[in-house]
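Novice:
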Amino acid sequence: VALMNRDGKHAECRYPRATRLAPRLVTGLIAAVLVLTHNCDGPTAASAIPVLLALPFAFEMWALGHDLWEWVAEWTSQAVRVSQGEEERHRHSRKHAARLRGFA
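First residue of the sequence shown: 1, per full-length UniProt numbering; consecutive thereafter.
Have a look at this one:
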């Protein structure tokens with residue numbers, strides 16, 4: 001199930017495609033330059049390339065997580081409003097029942 005924003009868009013559609021692709025392109029180009037210039041000597045450099053290629057996903061996870069927390073906050077505030085409304089209805093019912101008992 002895809003998360004929806006308040007405006008009805010899917011979470012991944014909130015950010016334009018160029019905004020989502022730019023980090024991938026930049027880190028991909030940096031990784032390609034490292035490989036082509038042979039600056040990838042040793043285990044640290046070899047592990048840097050997958051890390052570089054994975055960096056854009058951190059942005060995407062942040063964007064999806066941000067939308068998830070917005071949804072949780074909206075749902076929580078809605079649940080609080082509903083419970084306050086129910087409490088008000090019960091209070092009104094008790095007052096009404098007390099009045100009826102007083103007239104009986």
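Quick reminder that beta carbons are idealized off the backbone N, C-alpha and C, glycines included.
Could you tell me the distance, in whole angstroms, from the CA atom of V34 to the CA atom of A73?
Specialist: One-based indexing of the sequence shown puts residue 34 at position 34. One-based indexing of the sequence shown puts residue 73 at position 73. Before going further, note that residue 34 is Leu rather than Val in the sequence given. L34 and A73: Cα-Cα distance of roughly 43 Å.
Novice: Apart from the five residues on each side of it in sequence, which residues of its chain come closer than 8 Å, Cβ to Cβ, to L29?
Specialist: By one-based count along the sequence shown, residue 29 stands at place 29. Non-local beta-carbon contacts of L29 in its own chain, meaning distances under 8 Å to residues more than five positions away in sequence, are absent.
Novice: If we ignore side chains and look at the alpha-carbon of each, how far apart do V1 and P23 end up?
Specialist: Position 1 of the sequence shown, counting from 1, holds the residue named residue 1. Position 23 of the sequence shown, counting from 1, holds the residue named residue 23. With a pLDDT of only 40 at V1, under the threshold of 50, the placement of this residue in the model should not be trusted; the figure read from the coordinates follows. Spanning the two alpha carbons is a distance of roughly 26 Å.
Novice: By DSSP, does T76 sit in helix, in strand, or in coil?
Specialist: Position 76 of the sequence shown, counting from 1, holds the residue named residue 76. T76 falls in the helix class under three-state DSSP.
Novice: Taking just the CA atoms, how far does T76 sit from A31?
Specialist: Here residue 31 refers to the residue found at position 31 of the sequence shown. Here residue 76 refers to the residue found at position 76 of the sequence shown. Roughly 43 Å separates the two Cα atoms.
Novice: Just the Cα atoms here: how many angstroms apart are V26 and Q78?
Specialist: Along the sequence shown, read from residue 1 onward, the residue named residue 26 stands at position 26. Along the sequence shown, read from residue 1 onward, the residue named residue 78 stands at position 78. Rounded to the nearest angstrom, the two C-alpha atoms are 41 Å apart.
Novice: Could you check the C-alpha separation between T37 and E70 for me, to the nearest Å?
Specialist: What you label residue 37 is simply residue 37 of the sequence shown in a count that begins at 1. What you label residue 70 is simply residue 70 of the sequence shown in a count that begins at 1. Distance between the alpha carbons of T37 and E70 is about 44 Å.
Novice: I need the DSSP call for T37, collapsed to helix, strand or coil.
Specialist: Position 37 of the sequence shown holds residue 37. Coil at T37, not helix or strand.
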